[in-house]
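Q: Note that this note's numbering has the sequence shown beginning at 5, numbered continuously upward. Glycine included, each C-beta is placed from N, C-alpha and C at the ideal position.
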Amino acid sequence: MDHRYESSETLRNKCAACYRQFNKKEHLVEHMRTSYHSVHEPMCGVCKKHCRSFESLREHLIGPLPKAECERIFKERGCDICLSILGSRNDVRAHRESCHPRPNNNGLVYRMANMGIQDELRIDSSRGRVVALTCKMVGGGSDGSLDLCARVCLVDEHERVLFQSYVKPNLPVTNYRYETTGIRPEYLRDAMPLRNVSRKIQEFLCNGEPIWQIRSKGGRSRILVGHGLDHDLKCLEMEYPAIKIRDTAKYPPLMKTSKLSNSLKYLTKAYLGYDIQIGVQHPYEDCVATMKLYMRMKSQYHKKENYSLATDPQNKNNFASWRQNELEMMTPEQLLDFSRSDYYCWCLDSQDY
Ligand SMILES: [Zn+2]
Ligand SMILES: [Zn+2]
Ligand SMILES: [Zn+2]
Ligand SMILES: [Zn+2]
Numbered sequence: 005m006d007h008r009y010e011s012s013e014t015l016r017n018k019c020a021a022c023y024r025q026f027n028k029k030e031h032l033v034e035h036m037r038t039s040y041h042s043v044h045e046p047m048c049g050v051c052k053k054h055c056r057s058f059e060s061l062r063e064h065l066i067g068p069l070p071k072a073e074c075e076r077i078f079k080e081r082g083c084d085i086c087l088s089i090l091g092s093r094n095d096v097r098a099h100r101e102s103c104h105p106r107p108n109n110n111g112l113v114y115r116m117a118n119m120g121i122q123d124e125l126r127i128d129s130s131r132g133r134v135v136a137l138t139c140k141m142v143g144g145g146s147d148g149s150l151d152l153c154a155r156v157c158l159v160d161e162h163e164r165v166l167f168q169s170y171v172k173p174n175l176p177v178t179n180y181r182y183e184t185t186g187i188r189p190e191y192l193r194d195a196m197p198l199r200n201v202s203r204k205i206q207e208f209l210c211n212g213e214p215i216w217q218i219r220s221k222g223g224r225s226r227i228l229v230g231h232g233l234d235h236d237l238k239c240l241e242m243e244y245p246a247i248k249i250r251d252t253a254k255y256p257p258l259m260k261t262s263k264l265s266n267s268l269k270y271l272t273k274a275y276l277g278y279d280i281q282i283g284v285q286h287p288y289e290d291c292v293a294t295m296k297l298y299m300r301m302k303s304q305y306h307k308k309e310n311y312s313l314a315t316d317p318q319n320k321n322n323f324a325s326w327r328q329n330e331l332e333m334m335t336p337e338q339l340l341d342f343s344r345s346d347y348y349c350w351c352l353d354s355q356d357y
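(1) Under a three-way DSSP split, which group does aspartate 236 fall into?
(2) So for lysine 140, helix, strand or coil by DSSP?
(3) CA-CA distance, tyrosine 270 and leucine 61?
(4) Is the beta carbon of alanine 314 sitting closer than 7 Å to the one on tyrosine 23?
(5) Measure the CB-CB distance between asparagine 179 and glycine 143 and report whether it falls below 7 Å.
(6) Roughly how many whole angstroms lie between the Cα atoms of glycine 277 and isoleucine 85?
(7) Who are the Cβ neighbours of aspartate 353 in its own chain at under 6 Å, not counting the five residues just before and after it?
(8) In the DSSP output, which residue or residues are listed as bridge partners for leucine 313?
(9) Is it the case that the CB of cysteine 55 approaches a heavy atom of ligand 4 more closely than 6 Å?
(10) If you measure from the CB of cysteine 103, is any heavy atom of ligand 4 nearer than 6 Å?
(11) Between which two residues does the alpha helix (DSSP H) carrying serine 202 extend?
(12) Please report the straight-line C-alpha distance between glycine 49 and histidine 99, rounded to a whole angstrom.
(13) Buried or exposed for glycine 132, going by 16 or more other Cβ atoms inside 10 Å?
(14) Can you tell me whether isoleucine 280 is helix, strand or coil according to DSSP?
(15) Would DSSP call methionine 119 helix, strand or coil?
(16) How is the beta strand (DSSP E) around alanine 154 delimited, first residue to last?
(17) With a cut-off of 6 Å, give the chain-ordered residues whose Cβ is closer than this to any heavy atom of ligand 2.
(18) Could you name the residues of the same chain whose beta carbon sits closer than 6 Å to that of cysteine 349, not counting the 5 residues immediately before and after it, in chain order?
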């Protein structure tokens with residue numbers, strides 16, 4: 005077999021996004037049908053390879069088996085927090101100042117939190133299109149393993165506390181989990197009942213819009229940010245439409261390559277560069293971390309596409325409407341051009357408002 009022919013053939017069958025090579029064009033087409041590559045995927049600043057998650061981009065740049073050339077340049081002028089490549093070493097130094105957020109150590113907020121102040125939620129429609137919610141759980145049930153929400157916190161985009169309160173659970177508490185929650189029985193005795201807390205939060209999120217009327221775009225209702233919100237909402241016995249939820253535990257670019265969730269503690273260390281959840285855990289700290297992660301993901305600059313989701317009606321049939329032989333005639337770049345993401349990239353939130 006002629007080897008020169010073989011290599012140009014493989015080149016023609018190389019995915020323009022993840023650089024996987026296929027022996028036959030039909031295999032590349034099949035790969036494109038199922039991989040949902042798009043401009044929203046984390047991308048290597050050196051070789052422009054698309055990665056499914058920041059974790060796989062990290063592996064590509066840092067290891068254990070990095071791409072040698074990309075690793076070399078990343079070591080020289082890459083940012084280990086946002087994984088971008090800067091122009092020079094000096095640029096990296098200047099960039100790190102802005103990229104490396106300081107944990108919010110507002111002592112006053114913490115003290116007020118401990119005294120249970122600010123459990124009045126002021127409904128002020130001017131404050132926040134986006135809010136982060138965190139619950140802290142104590143244990144119920146005979147073995148204390150049932151999660152009962154005992155404390156909540158809600159912050160706005162500027163990390164200001166909108167609401168925080170201890171919560172009186174519906175069921176008896178059998179384990180206060182004091183080492184991590186810092187919660188004592190007397191804090192909950194006269195706390196706001198769960199039902200009232202949930203209602204207050206839901207009213208604030210819906211912001212005057214009936215819950216069944218909430219749509220993904222427009223409207224008055226707020227975007228809800230959190231980590232593992234399914235569980236938090238379940239413990240609050242509350243519902244909120246998925247289209248308004250931005251969950252750092254379920255956002256594909258922030259997940260493990262195994263498609264499992266990362267812990268908030270890990271994400272904060274890896275993508276914000278600081279530690280949380282040491283000793284007694286304060287829900288405010290988690291709220292701030294999830295909000296910072298959300299803002300970082302939202303502020304990413306991605307090329308604007310028409311109809312950016314694979315599920316948009318205009319894209320639904322992209323690969324189906326072309327005939328197989330037409331697809332096989334296209335270059336890898338052309339195939340990538342009309343491939344769309346199968347998840348909602350949070351950068352799109354910046355385009356709506
Ligand atoms: Zn690919
Ligand atoms: Zn995007
Ligand atoms: Zn690379
Ligand atoms: Zn950075």
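A: According to the structure data:
(1) Reading the sequence shown from its first residue, position 232 is the one you call residue 236. In the displayed model, aspartate 236 falls within a helix according to three-state DSSP.
(2) Translated into positions along the sequence shown, residue 140 becomes position 136. The three-state secondary structure of lysine 140, taken from DSSP, is strand.
(3) In the sequence shown, counting from the first residue as 1, residue 270 sits at position 266. In the sequence shown, counting from the first residue as 1, residue 61 sits at position 57. Between tyrosine 270 and leucine 61, the C-alpha separation is close to 16 Å.
(4) Here residue 314 refers to the residue found at position 310 when the sequence shown is read from its first residue. Here residue 23 refers to the residue found at position 19 when the sequence shown is read from its first residue. Going by C-beta atoms, alanine 314 is not nearer than 7 Å to tyrosine 23.
(5) Stepping through the sequence shown from its first residue, residue 179 is reached at position 175. Stepping through the sequence shown from its first residue, residue 143 is reached at position 139. Asparagine 179 places its beta carbon less than 7 Å from that of glycine 143.
(6) For the purposes of this step, residue 277 is taken as residue 273 along the sequence shown, with counting starting at 1. For the purposes of this step, residue 85 is taken as residue 81 along the sequence shown, with counting starting at 1. Taking the straight line joining both Cα atoms gives about 6 Å.
(7) For the purposes of this step, residue 353 is taken as the residue at position 349 of the sequence shown. The residues Lys302, in chain order, have a CB closer than 6 Å to that of aspartate 353 in the same chain once the five nearest residues on each side in sequence are set aside.
(8) Along the sequence shown, one-based indexing puts residue 313 at 309. Paired residue(s): Ser345.
(9) Taking the first residue of the sequence shown as 1, we reach residue 55 at position 51. In this structure, the C-beta of cysteine 55 stays at least 6 Å away from each heavy atom of ligand 4.
(10) In the sequence shown, the residue the question calls residue 103 occupies position 99. Yes, since a heavy atom of ligand 4 falls inside the 6 Å radius drawn around the Cβ of cysteine 103.
(11) Looking up residue 202 in the sequence shown gives position 198. Residues 198 to 210.
(12) As a first step, residue 49 is located in the sequence shown; it is residue number 45 there, counting from the start. As a first step, residue 99 is located in the sequence shown; it is residue number 95 there, counting from the start. Between the C-alpha atoms of glycine 49 and histidine 99 there is a straight-line separation of about 15 Å.
(13) The residue labelled residue 132 in the question sits at position 128 within the sequence shown. Label assigned to glycine 132: buried.
(14) Your numbering for residue 280 matches position 276 in the sequence shown. In the structure shown, the three-state DSSP call for isoleucine 280 is coil.
(15) On the sequence shown, position 115 is the one that residue 119 refers to. Note that methionine 119 has pLDDT 47, beneath the 50 cutoff, so the model's placement of it is unreliable and no number is given.
(16) Residue mapping note: residue 154 aligns to position 150 of the sequence shown, counting from 1. Under the DSSP assignment, alanine 154 falls in the beta strand (DSSP E) whose first and last residues are 150 to 160.
(17) Proximity to ligand 2 was defined by a C-beta distance below 6 Å to any of its heavy atoms, and the residues meeting it, in sequence along the chain, are His44, Gln304, His306, Cys349, Cys351.
(18) By one-based count along the sequence shown, residue 349 stands at place 345. So the list reads His44, once near-sequence residues are dropped.
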